[in-house]
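Below is one structure; the comments refer to it alone.
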Amino acid sequence: MNTPTIGVLALQGDVGAHLTALASVGARAVTVRRPDELALVDGLVLPGGESTTIDKLLRIFELRDPLQARIKEGLPVYGSCAGMILLADRILDGTADQQTIGGMDVVVRRNAFGRQVDSFETDLDVVGVSDGAVRTAFIRAPWIEEAGRDVEVLSRIPAVDTQGRAVAAAGRIVAARQGPLLATAFHPEITGDTRVHGLFVSMVAGERSRFPATVRR
100 MNTPTIGVLA LQGDVGAHLT ALASVGARAV TVRRPDELAL VDGLVLPGGE
150 STTIDKLLRI FELRDPLQAR IKEGLPVYGS CAGMILLADR ILDGTADQQT
200 IGGMDVVVRR NAFGRQVDSF ETDLDVVGVS DGAVRTAFIR APWIEEAGRD
250 VEVLSRIPAV DTQGRAVAAA GRIVAARQGP LLATAFHPEI TGDTRVHGLF
300 VSMVAGERSR FPATVRR
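In our numbering, the protein residues as written are 100 to 316.
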């Protein structure tokens, strides 16, 4: 099968780290800033950053409507941190004028884990990722407050940490999938663990295999 072309939305956030991670697991990684670039990719990563800023930039760069249209057509999209917020159908603690792209039947709470000073790293088991726990980084991270019946929960915060201490956010959903849409509250690109990106590349390849090349963009 040909190498999938996966774009990284390059309006704000840690674009370079996602490009590097995608390339390391076999994708052709490109930046996306314009509608014509979006039309050429087989999948898209929405990186972390500031969700309200990315929301505004999507409209300024006239990407919001084309992206919503492609998601409805079945474009695989992976949203990390702010990207999770953008993929959610509903958000809590957003700004008054904040909009999402939508597509995932989830309610996401913005900045659920606290401020920048509350950032942390931890190891989490993620459904679909083999060979042990994934090293994850949480930075002003959201969590999924509610998930619809068609949403597959991939990871939750455990009840205790590695030292056996109780965790206040125990049970909160921090990774989920709905069809070709994948979302994580954490940043795997920061820790150097590329297996979540590998999972997304396999999702993109799976979607491409369902359609002959003549009907793909």
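From the three backbone atoms N, C-alpha and C, an ideal C-beta is built for every residue, glycine too. Remember, it's a predicted structure, so these values are computed and weren't measured experimentally.
Exercise. In chain order, which continuous runs of the alpha helix (DSSP H) of length 4 or greater are located wholly inside the stretch 235–281?
Worked result: none
Exercise. Which of the three DSSP states, helix, strand or coil, is assigned to F310?
Worked result: Residue placement at F310 cannot be trusted, given a pLDDT of 48 that sits under 50; the coordinates are not used to answer.
Exercise. Which full runs of the alpha helix (DSSP H) of 4+ residues lie inside the stretch 178–213, going along the chain?
Worked result: 181–186
Exercise. Is it true that the stretch 182–194 meets the stretch 212–230, where meeting means three or more beta-carbon pairs spaced less than 8 Å apart?
Worked result: no
For this session: Starting from V129, follow the beta strand (DSSP E) in both directions and report where the run begins and ends.
Result: R127 to V131
For this session: Would you identify the three-state DSSP class for G227, choosing helix, strand or coil?
Result: coil
Exercise. Under the three-state reduction of DSSP, which class applies to D164: helix, strand or coil?
Worked result: Three-state result, D164: helix.
For this session: Could you spell out where the alpha helix (DSSP H) holding L110 opens and where it closes?
Result: Here L110 belongs to no alpha helix (DSSP H), and DSSP marks it neither H nor E.
For this session: Please classify L121: does DSSP put it in a helix, a strand, or coil?
Result: Correct three-state label for L121: helix.
For this session: May I ask whether a heavy atom of the ligand COA can be found less than 7 Å away from the beta carbon of Q198?
Result: Ligands are entirely absent from the displayed structure, and the ligand COA is therefore not among its contents.
Exercise. How about H296 and V129: do their beta carbons lie closer than 8 Å?
Worked result: no
Problem set entry | C180 versus L139 - alpha carbon distance | 24 Å
Exercise. Per DSSP, which one or two residues make a beta bridge with E220?
Worked result: Bridge partners of E220: A236.
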